[in-house]
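Letter by letter, the sequence shown follows residues 39 to 300 of this note's numbering.
Note that the Cβ used here is the ideal one computed from N, Cα and C, for glycine as well.
One structure is given here, and the rest of the page talks about it.
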Amino acid sequence: MAKTQDFNGKWALVTGASSGIGAALARELATHGAKLILTARRQDRLETLASELTATGAEVRIITADLNDPAAPEQLYHATEGAGLPVDILINNAGLGQYGAFCQSPVEQELSQVRVNCEAMVRLTRLFVPRMIERRCGWVLVLASTASFQPVPYIATYAASKAFDRFFALGLAAEVARFGVKVTALCPGPTKSEFFDVAHASAFKKRGMQPAEDVARLAIAALARGQRTLIPTFSSRFTAFLVRFLPVRLITYYVEKVARPS
Ligand SMILES: NC(=O)c1ccc[n+]([C@@H]2O[C@H](COP(=O)([O-])OP(=O)(O)OC[C@H]3O[C@@H](n4cnc5c(N)ncnc54)[C@H](OP(=O)(O)O)[C@@H]3O)[C@@H](O)[C@H]2O)c1
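See the structure below:
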């Protein structure tokens, strides 16, 4: 049974709340009575979302931060736990991708994916989870992806970063379950957001992409019941199952052909 009522009155820190899945997760948490700390780089977007949520009765704070900066997680920690706001729900959502030939892509763009998708997520989790363990109460959502189930040519760094995220979440989930802390790896397939534009992959936007609101609703219910992995659509679940039985070399051979930039 999902116990989303447990979120009522708890503080949730949502990274990447200025757009897409992060904004949808913040809205979904607010419907279950959570108090929200929204963070991202774009302050205007955070202010707009904060006004919307405040109008529905939610308590909301915003903190702008660039997770490319290794000092940002600690600054977020001091501005929240350090300021007397116990964060019981950590939503590690901020992330980015970069489509194109690895050897032609700016190395900073590649490393930014490692820093934001992986390093900042590890730093934030390392800061907040010990307090959750002390309180014997906490929830951590880690944004992985269906790209985490196999290597993907032309988004090689992104797919590898998401494999890291998923494996990290699954390992941590087993470590901290006995202390009352639940960890979920969320693995969406293609979802409507700004992701494909930011990744210079607009050509891969498809009709029928899942709305971010649907991903968020399913994710928050899965987080509440302590489900360790959520793949939100049947077709993505089927694909993730199928690739277990296919040789990696065959998958990457095929994907390299269809995804090669023109
Ligand atoms: N959309 C998909 O198809 C899909 C599928 C699977 C997984 N995902 C994952 O879902 C998560 C959310 O992506 P989305 O689809 O919602 O994309 P999005 O609309 O582009 O949102 C990305 C969010 O991450 C934040 N962000 C990016 N770089 C940041 C930085 N350096 N510092 C702080 N915040 C940063 C952005 O905020 P600012 O730009 O304001 O900083 C934005 O709020 C990502 O982890 C992504 O990998 C997406």
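For Arg99, the uninterrupted beta strand (DSSP E) run begins and ends at Val98 to Thr102, by DSSP.
Distance from Leu181 to Thr118 at the Cβ level is roughly 19 Å; contact not present, criterion being Cβ atoms closer than 8 Å. The alpha carbon of Gly71 has as its nearest neighbour, out of Glu85, Arg79 and Val98, the alpha carbon of Val98.
Remark: C-beta atoms of Tyr115 and Leu165 approach each other more closely than 8 Å. In this structure Asp126 is buried. Its beta-carbon is surrounded by 16 or more other beta-carbon atoms within 10 angstroms.
Contact annotation: Val152 and Ser199 have beta-carbon atoms nearer than 8 Å. Ile100 is the residue among Arg275, Ile100 and Leu280 whose C-alpha sits nearest the C-alpha of Leu123. Distance from the CA atom of Thr229 to the CA atom of Asn131, rounded to whole angstroms, is 13 Å. The Cβ atoms of Ala103 and Leu87 do not sit closer than 8 Å to each other.
Less than 8 Å divides the Cβ of Ala254 from the Cβ of Leu63.
Scanning the region 220 to 272 from its first residue to its last, the whole alpha helix (DSSP H) runs of 4-plus residues come out as 233 to 236 and 250 to 263. One thing to note: Lys295 has its Cβ no nearer than 8 Å to the Cβ of Gly264. Taking all protein chains in view, the Cβ of Asn155 is crowded by 16 or more other Cβ atoms within 10 Å, so the residue is classified as buried.
Distances from the alpha-carbon of Asp44 to those of Tyr291, Arg266 and Gly176 put Gly176 closest. Distance from the CA atom of Ile289 to the CA atom of Pro111, rounded to whole angstroms, is 36 Å.
Residue side-chain check: Val236 places its Cβ nearer than 7 Å to a non-hydrogen atom of ligand 1.
A direct Cα-to-Cα measurement between Pro108 and Glu157 gives close to 8 Å.
Of the other Cβ atoms in all chains shown, 16 or more fall within 10 Å of the Cβ of Val190; this residue is therefore buried. When DSSP states are grouped into helix, strand and coil, Lys73 belongs to the strand group. DSSP, read as helix, strand or coil, puts Val154 in helix.
According to DSSP, residue pairing for Asn130 in a beta bridge involves Val180.
The beta carbons of Gly133 and Ala237 sit about 10 Å from each other, so the pair does not count as a contact at 8 Å. Residue state for Ala121 is assigned as helix, using DSSP reduced to three classes.
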